[in-house]
Amino acid sequence: MIPMGRYRHFKGNYYEVLCLAKNSETEEQMVVYKCEKDGSLWVRPMDMFVEKVRVEGSLKPRFHFIGNLD
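Taken in order, the sequence shown gives residues 1 to 70; the numbers are from full-length UniProt numbering.
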């Protein structure tokens with residue numbers, strides 16, 4: 001389980017996690033999130049959302065939790 005709120009993608013954009021969902025075919029946990037820049041909606045498997053990615057030789061979270069939205 002991840003907290004709802006604001007996240008920073010490792011490439012720099014900011015997103016708001018809106019809710020968690022389940023894939024109807026596989027029951028895989030999915031994260032539904034919205035881009036702050038243009039309001040577009042995205043969905044990504046939970047495992048990918050929380051994984052670490054290699055950036056300039058070091059591992060960093062794909063999405064870093066910034067905080068709750070008030």
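Here a beta-carbon is modelled for each residue, glycine too, at the ideal position from N, C-alpha and C.
Here the structure is a predicted model, which means the values were calculated and not measured.
Boundaries of the beta strand (DSSP E) in which residue i is found, first to last residue
i   : result
M46 : Not the beta strand (DSSP E): M46 falls in the alpha helix (DSSP H), residues M46 to V50.
Backbone secondary structure at residue i - three-state DSSP
i   : result
M1  : coil
R54 : strand
F63 : strand
Beta-bridge pairing of residue i - partner residues as DSSP gives them
i   : result
K22 : Q29
L41 : K34
- Is it a yes or a no for the region 11-20 touching the region 32-43, going by three-plus beta-carbon pairs under 8 Å? The region 11-20 is in contact with the region 32-43.
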